[in-house]
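Q:
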Ligand SMILES: [Zn+2]
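Shown next as structure tokens:
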């Protein structure tokens, strides 16, 4: 084939990412990666809230070494793409108990010299119920960053956020929270997270994961939120393929793609990082942990072509949200 001259953007961006030390996958759930089977593939049609419980069987049956193997497989895939750092949630609750913690510790020991990994506790049972709270407190000691999922404590989102933010404060750890995942203007979790961050005086220590629903609100509201986010130094992680599959609904809203509105956030000076989220499990059966695919979806869905900003999103912004770089 004859070589032709054109602006090969993928090569250009990947070169710059490499120069910055490689991709940072700022959000994943490695302990559940590659748990998809022919049998549980039928669960993939369930709603998000149902899936929070549907994964129980896998969690209950998995041994520490099975969890370790899956995490190691995912880490190897990251390494093959030149990923420098991973942020991964791990389930710590009454179903899986401390099995993912044990596997995570082994992963840390095994890959210490090759890659930085920051672990965050996923609270699939919430943090308010007594038993859920026990495992939240237990897991918080192990992890590098405190995790949250206010949607799990529906109706008590404020209390959920107060508990996790206080924990972050007490243990001097950052806090990553899954918010605004459902792509509807009925959700205002990002706003609530900002308010609670301010109350807890945790400015600069909190990261909103997803914030998809923000894109479905009118411009005036979105701009108010960007301003508020800026004031408390709230950072974001976008996992584009995780929510681009958001399902059609009859709800009317501004036209938008179901993705974190990065094109609007970056000009506001907000830090946005990139993550894969779930990989080959019942949440995301087709996700294959390819970082370029995630970046490509991010730039396409937002029509965002700022090369240097895309490189930052894929690299140093990830280090910022994981507390590695100021
Ligand atoms: Zn997640």
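In this note's numbering, the protein residues as written are 1209 to 1534. For each residue, glycine too, the CB sits at the ideal point set by N, CA and C.
Let me know if residue 1468 comes out buried or exposed under the rule of 16 or more other beta-carbons within 10 Å of its beta-carbon.
A: buried
Q: Is any heavy atom in ligand 1 found nearer than 8 Å to the beta carbon of residue 1485?
A: yes
Q: Inspect the CB distances between the stretch 1229-1245 and the stretch 1282-1301 and report whether three or more fall short of 8 Å.
A: yes
Q: Hey, would you say the C-beta of residue 1368 is under 8 Å away from at least one heavy atom of ligand 1?
A: no
Q: Buried or exposed: residue 1389, going by 16 or more other Cβ atoms within 10 Å of its Cβ?
A: buried
Q: Counting pairs of Cβ atoms below 8 Å between the stretch 1456-1464 and the stretch 1472-1481, do you hit three or more?
A: no
Q: Suppose contacts are defined by Cβ-Cβ distances below 9 Å. Is residue 1263 in contact with residue 1490 by that definition?
A: yes
Q: For residue 1267, which residues from the same chain have a beta carbon less than 7 Å from its beta carbon, with the 5 sequence-adjacent residues on both sides left out?
A: Counting only Cβ-Cβ distances below 7 Å, and skipping sequence neighbours, we find 1299, 1303, 1304.
Q: With DSSP as the reference, label residue 1295 as helix, strand or coil.
A: strand
Q: Along the chain, where does the alpha helix (DSSP H) that runs through residue 1529 open and close?
A: 1524-1529
Q: Taking 9 Å as the cut-off, decide whether the C-beta atoms of residue 1386 and residue 1425 are in contact.
A: no
Q: Run through the DSSP bridge pairs and tell me what residue 1485 is partnered with.
A: The partner list for residue 1485 (beta bridge, DSSP) reads 1236.
Q: So is the beta-carbon of residue 1522 under 8 Å away from any non-hydrogen atom of ligand 1?
A: no
Q: Using only the heavy atoms of ligand 1, determine whether one of them is closer than 8 Å to the beta carbon of residue 1348.
A: no
Q: Can you tell which of 1448, 1456, 1243, 1520 has the C-alpha that lies nearest to the C-alpha of residue 1504?
A: Restricting attention to 1448, 1456, 1243, 1520, the CA atom closest to the CA of residue 1504 is found in 1448.
Q: Among 1393, 1373, 1318, 1391, which one has its Cα closest to the Cα of residue 1415?
A: Answer by Cα proximity: 1373.
Q: Counting only the same chain and skipping the five closest in sequence on each side, list residues whose C-beta sits under 7 Å from that of residue 1311.
A: 1239, 1272, 1275, 1276, 1279
Q: With distance defined between alpha-carbon atoms, name the residue in 1518, 1242, 1511, 1237 nearest to residue 1332.
A: Selected option, being the one with the closest Cα: 1237.
Q: Looking at the strands, I want to know which residues DSSP matches up with residue 1443.
A: 1415
Q: Quick check: is any heavy atom of ligand 1 less than 8 Å from the C-beta of residue 1481?
A: Result no, Cβ not under 8 Å from ligand 1.
Q: Using alpha carbons as the reference points, say which of 1334, 1375, 1241 lies closest to residue 1413.
A: 1375
Q: Leaving out five residues on either side along the sequence, give the residues of the same chain with a beta carbon under 6 Å from the beta carbon of residue 1356.
A: Within the same chain, and ignoring the five residues on either side of residue 1356 in sequence, the residues whose Cβ sits closer than 6 Å to its Cβ are 1372, 1385.
Q: Short of 7 Å in beta carbon distance, which residues of its chain neighbour residue 1243, apart from the five on each side in sequence? Order them along the chain.
A: 1266, 1278, 1489
Q: Where does residue 1329 sit, in a helix, a strand or coil, going by DSSP?
A: strand
Q: Is residue 1249 near ligand 1, in the sense that its beta carbon is under 8 Å from a heavy atom of that ligand?
A: no
Q: When you compare only the Cα positions, how much space is there between residue 1420 and residue 1301?
A: 26 Å
Q: Under 8 Å from any heavy atom of ligand 1, does the C-beta of residue 1263 make it?
A: In terms of side-chain proximity, the C-beta atom of residue 1263 is found no nearer than 8 Å to any non-hydrogen atom of ligand 1.
Q: Leaving aside the five residues before and after residue 1360 along the sequence, list all residues of the same chain whose C-beta is less than 6 Å from its C-beta, in chain order.
A: 1334
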